[in-house]
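A.B. asks:
2 protein chains.
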Amino acid sequence: MNKVFKALSDPTRRHVLELLRTGPMTAGELSDHFEVSKPTMSAHFAVLREADLVDAVKSGRSITYRLKMSVLEDALLSFAGVFGLKIDSNNKEGSSS
Amino acid sequence: MNKVFKALSDPTRRHVLELLRTGPMTAGELSDHFEVSKPTMSAHFAVLREADLVDAVKSGRSITYRLKMSVLEDALLSFAGVFGLKIDSNNKEGSSS
DNA sequence: GATATATTTAGATAATTAGCTAAATATAAA
DNA sequence: TTTATATTTAGCTAATTATCTAAATATATC
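Order-wise, the sequence lines are chains G and L. Mapping to the numbering used here: the first sequence position 95 is 239, numbers consecutive. Mapping to the numbering used here: the second sequence position 44 is 188, numbers consecutive.
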């Protein structure tokens with residue numbers, strides 16, 4: 145959980161997760177969205193992997209990253225929960241309040 | 145919002161916020177819950193103030209810190225929102241799905 | 001006014017971090 | 001089997017961070 149918050153503390157890494165929300169992408173595709181070098185992006189991917197926020201699957205010469213939504217959700221949920229906030233895990237747009 | 149996530153990346157600071165969830169406390173009272181020195185705690189308080197997650201009111205020779213719940217909530221809400229997660233701001237325990 | 005209490009500021013250090021270029025690895029294609 | 005592509009690893013640097021002790025500030029009490 146600490147690793148998750150550490151991972152989320154960098155805006156580039158948060159943006160990577162946002163890019164992955166709609167589906168998996170390769171390291172290269174992700175890198176194309178940022179101004180920093182590939183090795184720098186690779187280091188960010190490593191932090192995200194270490195926090196278990198993404199998984200990486202190699203196919204051919206590229207590596208496809210996928211968001212581990214449940215890990216992100218659990219971290220936000222358990223932290224928010226301490227403050228009496230609840231996270232609704234419904235992906236649906238139109239639910240309660 | 146970046147400052148909020150930066151502030152949340154440290155476990156001591158997250159713990160401070162948790163201590164404040166039930167009500168305001170002075171710098172000294174908060175510090176008593178941790179093993180680190182007062183100046184170190186003071187620096188953590190400064191980061192939390194800078195992120196606008198707490199406010200500080202001086203009365204007499206102590207300083208009372210109070211959690212700015214709405215700021216914490218807004219940050220979690222807007223980030224979680226990107227991923228289709230919803231945070232329920234009801235303090236109530238027993239609400240919906 | 002002197003002393004005690006609460007907190008911050010100053011100044012230092014060690015560890016971590018985000019960034020870079022260059023090189024290594026692995027796979028695919030020519 | 002050479003060359004091109006995708007990604008990571010190695011090695012470096014500058015900036016930031018968490019921590020400390022000592023000193024400063026501000027307020028209260030004696």
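We treat Cβ as the ideally placed atom computed from N, Cα and C, and that holds for glycine. Since the model is a prediction, treat every value here as computed from it, not as a measurement.
#1: My guess is that R157/L and V180/L are in contact by the Cβ rule of under 8 Å, so how many angstroms apart are they, rounded?
#2: Near M145/L, which residues of its chain fall below 8 Å by C-beta distance, leaving aside the five closest residues on each side in sequence?
#3: Please name the residue, chosen from K150/L, F149/L, L164/L and E194/L, that lies closest to G228/G on a Cα-to-Cα basis.
#4: If distances are taken between C-alpha atoms only, which option among S233/L, D199/L, L152/L and G225/L comes closest to M169/L?
#5: Rounding to the nearest angstrom, what Cα-Cα distance links K230/L and S186/G in this structure?
#6: Against M213/G, what residues of chain L qualify as contacts under a CB-to-CB distance less than 8 Å, listed in chain order?
#7: For a contact meaning CB atoms closer than 7 Å, what does P155/G contact in chain L?
#8: Report yes if the C-beta distance between S153/L and K150/G is below 7 Å; otherwise report no.
#9: Short check: CB of D232/G to CB of V215/G, under 7 Å?
#10: Starting from K202/G, trace the beta strand (DSSP E) in both directions and tell me its first and last residue.
#11: For S233/G, which of helix, strand or coil comes out of DSSP?
#12: Is E162/L near V226/G, with beta carbons less than 7 Å apart?
#13: Which residues of the region 168-199 of chain G have a Cβ closer than 9 Å to any Cβ of chain L? Give them in chain order.
#14: Can you have a look at S175/G and say buried or exposed, based on whether 16 or more other CB atoms are within 10 angstroms of its CB?
#15: Go ahead and pull the three-state DSSP assignment for M169/L.
#16: Following the continuous beta strand (DSSP E) through S206/G, name the residue where it begins and the one where it ends.
#17: Could one say the Cβ of A224/G lies closer than 7 Å to chain L's Cβ atoms, at least one of them?
#18: Less than 6 Å between C-beta atoms, sequence neighbours within five positions excluded: which residues of the same chain meet that for V252/G?
#19: Looking at C-alpha atoms only, which residue of A171/L, R193/L and G204/L is the closest neighbour of P183/L?
C.D. replies: Well, looking at it:
#1: Residue 157/L sits at position 13 when you count from the first residue of the second sequence. Residue 180/L sits at position 36 when you count from the first residue of the second sequence. Not confirmed; about 11 Å, so no contact.
#2: Residue mapping note: residue 145/L aligns to position 1 of the second sequence, counting from 1. A219, S222 and F223, listed in sequence order.
#3: Here residue 228/G is taken as the residue at index 84 of the first sequence, counted from 1. The shortest C-alpha separation from G228/G is found at L164/L.
#4: Here residue 169/L is taken as the residue at index 25 of the second sequence, counted from 1. Checking every option, the nearest Cα to that of M169/L belongs to D199/L.
#5: Taking the second sequence and counting its residues from 1, the one referred to as residue 230/L is at position 86. Taking the first sequence and counting its residues from 1, the one referred to as residue 186/G is at position 42. Their Cα atoms are separated by approximately 30 Å.
#6: The residue labelled residue 213/G in the question sits at position 69 within the first sequence. By Cβ distance, chain L contributes F227.
#7: On the first sequence, residue 155/G is found 11 positions in, with the first residue counted as 1. Residues of chain L passing the Cβ test: N146.
#8: In the second sequence, counting from the first residue as 1, residue 153/L sits at position 9. In the first sequence, counting from the first residue as 1, residue 150/G sits at position 6. Cβ atoms of S153/L and K150/G: closer than 7 Å.
#9: Here residue 232/G is taken as the residue at index 88 of the first sequence, counted from 1. Here residue 215/G is taken as the residue at index 71 of the first sequence, counted from 1. Contact flag unset, no.
#10: Here the question's residue 202/G lines up with position 58 in the first sequence. That run of the beta strand (DSSP E) goes V198 to S203.
#11: Start at 1 with the first residue of the first sequence, and residue 233/G comes out as number 89. Three-state result, S233/G: coil.
#12: Taking the second sequence and counting its residues from 1, one reaches residue 162/L at position 18. Taking the first sequence and counting its residues from 1, one reaches residue 226/G at position 82. Going by C-beta atoms, E162/L is nearer than 7 Å to V226/G.
#13: none
#14: For the purposes of this step, residue 175/G is taken as the residue at position 31 of the first sequence. S175/G comes out buried.
#15: The residue given as residue 169/L occupies position 25 in the second sequence. It is a strand residue.
#16: Within the first sequence, residue 206/G is the residue found at index 62, counting from 1. Where S206/G is concerned, the enclosing beta strand (DSSP E) stretches over S206 to L211.
#17: Within the first sequence, the letter at position 80 stands for residue 224/G. Yes - at least one Cβ of chain L is within 7 Å of the one on A224/G.
#18: Nothing can be reported for residue 252/G, as the shown portion of chain G is limited to 145 through 241.
#19: As a first step, residue 183/L is located in the second sequence; it is residue number 39 there, counting from the start. P183/L has its Cα closest to that of A171/L, out of A171/L, R193/L and G204/L.
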